[in-house]
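Structure first, commentary second.
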Amino acid sequence: MSASTASTKPTSTVPFDEALTRYEPVLGLEVHVELGTESKMFCACPTAFGAEPNTQVCPVCLALPGTLPVINSAAVESIIRMGLALNCTIVEWCRMARKNYFYPDMPKNYQISQYDEPICVDGYLDVVVPLPDGEGTTTVRVGIERVHLEEDTGKLTHAGGATGRIHGADYSLVDYNRAGIPLVEIVTKPITDTGALAPAVAKAYVAELRDIMRGLGVSDVKMEEGSLRCDANVSLNRPGDEWGTRTETKNVNSLRSVERAVRSEIERQAGVLDTGGRITQETRHFHEDTGVTTPGRSKEQAEDYRYFPEPDLVPIAPDAAWVEQLRATIPEQPSIRRARLAQDWGIGAFEMESLVNAGVLQLVETSVEEGVEPDAARKWWAGELLRVANERGVEPQDLPVAPGDIKRVEELIAAGTINDKLARSVFDGIISGEGDADAVVAARGLTVVSDDSALLAAIEQALADQPDVAEKIRGGKVAAAGAIVGAVMKATRGQADAGKVRTLLLDHLGVAEA
Amino acid sequence: MPTSPIDADLIRQSATVLAAAIAAGEVSSREVVQAHLDRIGEVDEAVHAFLHVTAHEALETADTVDAKRAAGDPLGPLAGVPLALKDVLAMRGVPTTCGSRILEGWRPPYDATVVERLRDADVVILGKTNMDEFAMGSSTEHSAFGPTRNPWDLDRIPGGSGGGSAAAVAAFEAPLAIGTDTGGSIRQPAAVTGTVGVKPTYGGVSRYGLVALASSLDQAGPCARTVLDAAHLHAVIAGHDPRDSTSIDAAVPDVIAAAQRADVRGMRVGLVRQLDGEGYAPGVRQRFAEAVEILTHLGAEIVEVDCPHFEYALGAYYLILPSEASSNLARFDGMRYGLRSGDGSDASVESVMSATREAGFGAEVKRRIMLGTYALSSGYYDAYYGQAQKVRTLIRRDFDAAFDKADVLISPTAPTTAFRLGEKLDDPLAMYLNDIATIPVNLAGNAAMSLPIGLSPDDGLPVGLQIMAPAMADDRLYLAGAAVEGALYDRWGHLLIEEAPAL
Amino acid sequence: MSAITPNDVAHLARLARLELTADELDHYAAQLDVIVSSVARVSEVAADDVPPTSHPLPLVNVTRPDVARPGLGAADALAGAPAVEDDRFRVPRILDQD
Numbered sequence: 002m003s004a005s006t007a008s009t010k011p012t013s014t015v016p017f018d019e020a021l022t023r024y025e026p027v028l029g030l031e032v033h034v035e036l037g038t039e040s041k042m043f044c045a046c047p048t049a050f051g052a053e054p055n056t057q058v059c060p061v062c063l064a065l066p067g068t069l070p071v072i073n074s075a076a077v078e079s080i081i082r083m084g085l086a087l088n089c090t091i092v093e094w095c096r097m098a099r100k101n102y103f104y105p106d107m108p109k110n111y112q113i114s115q116y117d118e119p120i121c122v123d124g125y126l127d128v129v130v131p132l133p134d135g136e137g138t139t140t141v142r143v144g145i146e147r148v149h150l151e152e153d154t155g156k157l158t159h160a161g162g163a164t165g166r167i168h169g170a171d172y173s174l175v176d177y178n179r180a181g182i183p184l185v186e187i188v189t190k191p192i193t194d195t196g197a198l199a200p201a202v203a204k205a206y207v208a209e210l211r212d213i214m215r216g217l218g219v220s221d222v223k224m225e226e227g228s229l230r231c232d233a234n235v236s237l238n239r240p241g242d243e244w245g246t247r248t249e250t251k252n253v254n255s256l257r258s259v260e261r262a263v264r265s266e267i268e269r270q271a272g273v274l275d276t277g278g279r280i281t282q283e284t285r286h287f288h289e290d291t292g293v294t295t296p297g298r299s300k301e302q303a304e305d306y307r308y309f310p311e312p313d314l315v316p317i318a319p320d321a322a323w324v325e326q327l328r329a330t331i332p333e334q335p336s337i338r339r340a341r342l343a344q345d346w347g348i349g350a351f352e353m354e355s356l357v358n359a360g361v362l363q364l365v366e367t368s369v370e371e372g373v374e375p376d377a378a379r380k381w382w383a384g385e386l387l388r389v390a391n392e393r394g395v396e397p398q399d400l401p402v403a404p405g406d407i408k409r410v411e412e413l414i415a416a417g418t419i420n421d422k423l424a425r426s427v428f429d430g431i432i433s434g435e436g437d438a439d440a441v442v443a444a445r446g447l448t449v450v451s452d453d454s455a456l457l458a459a460i461e462q463a464l465a466d467q468p469d470v471a472e473k474i475r476g477g478k479v480a481a482a483g484a485i486v487g488a489v490m491k492a493t494r495g496q497a498d499a500g501k502v503r504t505l506l507l508d509h510l511g512v513a514e515a
Numbered sequence: 003m004p005t006s007p008i009d010a011d012l013i014r015q016s017a018t019v020l021a022a023a024i025a026a027g028e029v030s031s032r033e034v035v036q037a038h039l040d041r042i043g044e045v046d047e048a049v050h051a052f053l054h055v056t057a058h059e060a061l062e063t064a065d066t067v068d069a070k071r072a073a074g075d076p077l078g079p080l081a082g083v084p085l086a087l088k089d090v091l092a093m094r095g096v097p098t099t100c101g102s103r104i105l106e107g108w109r110p111p112y113d114a115t116v117v118e119r120l121r122d123a124d125v126v127i128l129g130k131t132n133m134d135e136f137a138m139g140s141s142t143e144h145s146a147f148g149p150t151r152n153p154w155d156l157d158r159i160p161g162g163s164g165g166g167s168a169a170a171v172a173a174f175e176a177p178l179a180i181g182t183d184t185g186g187s188i189r190q191p192a193a194v195t196g197t198v199g200v201k202p203t204y205g206g207v208s209r210y211g212l213v214a215l216a217s218s219l220d221q222a223g224p225c226a227r228t229v230l231d232a233a234h235l236h237a238v239i240a241g242h243d244p245r246d247s248t249s250i251d252a253a254v255p256d257v258i259a260a261a262q263r264a265d266v267r268g269m270r271v272g273l274v275r276q277l278d279g280e281g282y283a284p285g286v287r288q289r290f291a292e293a294v295e296i297l298t299h300l301g302a303e304i305v306e307v308d309c310p311h312f313e314y315a316l317g318a319y320y321l322i323l324p325s326e327a328s329s330n331l332a333r334f335d336g337m338r339y340g341l342r343s344g345d346g347s348d349a350s351v352e353s354v355m356s357a358t359r360e361a362g363f364g365a366e367v368k369r370r371i372m373l374g375t376y377a378l379s380s381g382y383y384d385a386y387y388g389q390a391q392k393v394r395t396l397i398r399r400d401f402d403a404a405f406d407k408a409d410v411l412i413s414p415t416a417p418t419t420a421f422r423l424g425e426k427l428d429d430p431l432a433m434y435l436n437d438i439a440t441i442p443v444n445l446a447g448n449a450a451m452s453l454p455i456g457l458s459p460d461d462g463l464p465v466g467l468q469i470m471a472p473a474m475a476d477d478r479l480y481l482a483g484a485a486v487e488g489a490l491y492d493r494w495g496h497l498l499i500e501e502a503p504a505l
Numbered sequence: 003m004s005a006i007t008p009n010d011v012a013h014l015a016r017l018a019r020l021e022l023t024a025d026e027l028d029h030y031a032a033q034l035d036v037i038v039s040s041v042a043r044v045s046e047v048a049a050d051d052v053p054p055t056s057h058p059l060p061l062v063n064v065t066r067p068d069v070a071r072p073g074l075g076a077a078d079a080l081a082g083a084p085a086v087e088d089d090r091f092r093v094p095r096i097l098d099q100d
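Protein chains in written order, with our numbering: chain X, 2 to 515; chain W, 3 to 505; chain Z, 3 to 100.
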């Protein structure tokens, strides 16, 4: 009996840090953005997410015989703005093209896309990448090769198999609601010289793109809903060598997955190369649960798409004056804006990130513009107001709190009329529609008790109630004063200034501050 | 030309005469439509022009027209007149096969724009006519449902791909028909059946609902027995359509006025050197020469023009058309509509698509799909499709230069008269040569007409004259065509089609 | 130009999803070979400096406004379908994952 000689064990991966000692990664990122237009790319069908299957279709997007596409003007405007935001050149003239291949989610069995004439070319994006271990950030310029327009496919569900995945399925079901929704594809130039930062660069790039698209208002860019998709191309080479064979990883459905997929692919390829193996040029599928990629369709025999210019559409020639008008509508690049504001406000990257994550950056910025101190704006928006918003199940920007309200509240605090704790009640009143800050203070009687005699009365009461504590303080245990102050605060329903109470108490007892 | 009141034989009248009679209340649309349905019943078993007759709907439409007339509502110039529709145009709820098994039984849920305009004009659609499968052919022998026969001689082809529409008109089954022309599919059938057919300027008539063969070449157009009838039909169907990005957003040239003027005095008429000569049958050339004399006699100035790149037109065409067609026909895969073959427990989507297309497509379609796939494949694109697109530019430039010297160009429409059924089926290239005179116009995108100029002395079969006009100048076709037609009518005392043998 | 072989035809048939028989492979190879030789004449034309024509008309920038309109209902959309399940088009097993 002969022993099995063929090894069917997969080659092991190489831990990331170790892989980076021997290899240089080259990345290429292809991001698809589903535009948030009202209607589809080539027909007037609605584009709302989540509709019943095959209810947002028409003869055109079903590719019934005899139908013809007509370009959605808003899609053209959106892609030009996206290209401008990515510092691209907008071409003077270009055509759509047919990409021919058979697949049941694509009714025409060709996709109308762009081939050698993309509408935006040769741009770049400066991406702020966090360094490991909180060492700060570095900026990486990612080159943009092209940005082009195309259409999305229908949605397949696979039936009969165990996992709902394609392998092992008995048949499939197609919903064409999504077929024909405008897609913009953004392709980077090869991203080199990132070394161990490669996964972080990939993630930061996609995150920045997402913020830009949100800022432009062209898409809701929700990775979990598929309106932002990322394919990651990865290759490895030894230093000084030519670039290696690349693989393309799909099904990367979150920012974290972008980072993990790149990392995992680097580890896997290093494992293959270390043992003298060859990287197969192929499409791979990323698995969220295991964090690794598995092979999909082999790309050894590349599909021949037989591109030719789309004869049912005429060329697109964006008017130069119009492009300049659109350029004026492009907001400042988000990361650059954040860096500028952080510097203005004297805060660090971490605090800025908190504001962004809390979704209150714009609110803070607007408040500051209206004269609120940055620290105060941050304190309230990222603190109490965010809490209230979450409690009420609304977005912070939907709270009826204006920058002027915050300014007034801060003024009242500074004047000693109210304290922080009372201020929360003031905001509660404003949000409940009881009026502005002053009106709420008056109506609810929220002023700090400033009358010393009233405070002294409360102090004497508290001392009388806690004679043992009074003894301790008289005996020099100043720390015990806290209990008395607490009691006075409680008695005054928080409407006393704690510091002042403490001073009065110690004075009253003739005890010096420790 | 007869403009006298209606006489007993309704099916022999022109559309213009019928429309006037209906509008004047001399005859009802129902009577007219019924007469044509009866005629179809009599002769179509032999001719096989129709794949589907919509008798019920047609009579309903006729009744609507009659009711409108009775109520004093305004009626359009062709209201109540029957028409045959090439089965390549989508008609809501009516089987639309494109002459192919792969669409057998498919009923579109929508109307082509051309059909919408016909309906708006109260034209009565009698049914769908036979055609070469997906409009690929010059004889209608490639229909999956059997050929149509030429009413002049039932053993001969009626031309293609629109043989059904031309035969329906020639057999008096309808005074009007709609055809489509990608390389001559309206004009060549018109020539071999002794009728009138026009390919409008590319973009002049909407392609929305016209099942695409070659998107950059296809055009729908009018078929009729007289130039004036064709003009009326042209005016109904032409015009901008926002659903067709390639349609022209400009006024339709006044083709009716031009047909009525029928005057070529001072018109410069160009003879294209490359579109006459050896490849053309002697009888055809003789009638063509006589037509040239007629034009001279009518006051036209004859000039000779040279279009040197026309000899490459056939090659360019048979690269561009299959390439675009191979892509346009990819949607027929058995997944969403039409035939599905080979489904079963072992089936995969790939195998079902392949089995369906193998079973559903005929040989000519498969040939052209593969030719197109070849021409577009990587490594071959530049030499084939890419090069053909350049030749196309050169052909356009030849036309531009020719139209500097002439207002219209003329040639025989087809190199021969109607050949026998089966004669060219085994030789695809020989079949392609039928389009040698008509193809250049499709490549350049300008307009052309074929009208009957006599019977060939060799075989007594109809010969057609092709008139070509610059893009957007379709009216010149009607100006010259009506003039020639009128001169011939004066000479013969009747339209040529009246000489067709009884069926 | 090299001749078109039955192997070439098999490749084209695969790309075009046509399940040809062995006889057809031979038959079409011969026919396509003749046709290709004929149309290849276009390469005789000197056209290096000639721009290709993809559209016969010089139209540009034809678009439509971004307005949504209801299309077909699911019933109409699925009416002609060979196989339907759960208001979706049912298609056979897909072997090749995209």
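Where a beta carbon is used, it is the ideal one built from N, C-alpha and C, also for glycine.
Look at VAL36 of chain Z: its C-beta is not under 7 Å from any C-beta on chain X.
Contact annotation: ALA420 of chain W and LEU411 of chain W have beta-carbon atoms that are not nearer than 7 Å. For the segment 44-60 of chain X, the beta-carbon criterion of a distance under 8 Å to any beta-carbon of chain Z is satisfied by CYS44, ALA45, CYS46, PRO47, THR48, GLU53, PRO54, ASN55, THR56, GLN57, VAL58, CYS59, PRO60. Of the candidates X:LYS501, X:GLU19, X:LEU510, X:ALA513, X:GLU19 places its Cα closest to the Cα of ARG264 of chain X. Using a Cβ distance threshold of 7 Å, HIS234 of chain W and LEU453 of chain W do not count as a contacting pair. According to DSSP, THR158 of chain X shares a beta bridge with X:LEU174.
Rounded to the nearest whole angstrom, the CA to CA distance from SER74 of chain X to ARG338 of chain W is 29 Å.
Proximity to ARG211 of chain X across X:ARG503, X:LEU423, X:ASP153, X:SER228 peaks at X:SER228, based on C-alpha coordinates.
About 5 Å separates the CB atoms of HIS286 of chain X and GLY297 of chain X; that is less than 8 Å, so the two are in contact.
Looking only at X:GLU25, X:PHE50, X:ARG99, X:PRO54, the smallest Cα-Cα distance to TYR308 of chain X is reached by X:ARG99.
DSSP places ILE37 of chain Z within a helical segment (H, G or I) once states are collapsed to three. In terms of beta-carbon proximity, SER249 of chain W stays away from the interface with chain X, with every pair separated by 7 Å or more. By the 16-neighbour rule on beta-carbons within 10 angstroms, THR284 of chain X is buried.
ASP117 of chain X sits in coil when the DSSP states are folded into three classes, being neither helix nor strand. Its Cα nearest to that of ASP171 of chain X, the residue X:HIS159 stands out among X:HIS159, X:TYR177, X:THR448. Under the three-state reduction of DSSP output, LEU59 of chain Z falls in the coil class, being neither helix nor strand.
Between the alpha carbons of MET138 of chain W and VAL90 of chain W lies a distance of about 11 Å.
At the C-beta level, GLU135 of chain W and GLY101 of chain W come within 7 Å of one another.
For VAL351 of chain W, the nearest CB of chain X lies under 7 Å from its own CB, placing it at the interface with that chain.
Think of a sphere of 7 Å around the beta carbon of LEU80 of chain Z: the chain X residues whose beta carbon falls inside it are ASN55, in chain order. Annotated as distal: PRO224 of chain W and ASP476 of chain W, with beta-carbon spacing of 7 Å or more.
For SER452 of chain W, the three-state secondary structure derived from DSSP is strand.
Using a C-beta cut-off of 8 Å, the segment 455-473 of chain X makes no contact with the segment 413-427 of chain X, since fewer than three inter-stretch Cβ pairs fall below that distance.
Sequence-distant Cβ neighbours of GLN276 of chain W in its own chain, meaning closer than 8 Å and more than five residues away, are ASP308, CYS309, PRO310, PHE312, GLU313. GLU487 of chain W and VAL229 of chain W have their C-alpha atoms spaced approximately 7 Å apart.
Within the segment 6-39 of chain Z, contact with chain X at the beta-carbon level (separation under 9 Å) is assigned to LEU17, ALA18, ARG19. Per the C-alpha coordinates, the member of Z:GLU21, Z:LEU59, Z:ILE37, Z:VAL86 positioned closest to THR395 of chain W is Z:LEU59. Between MET42 of chain X and LEU314 of chain X, the C-beta gap is not smaller than 7 Å, which leaves the two residues out of contact.
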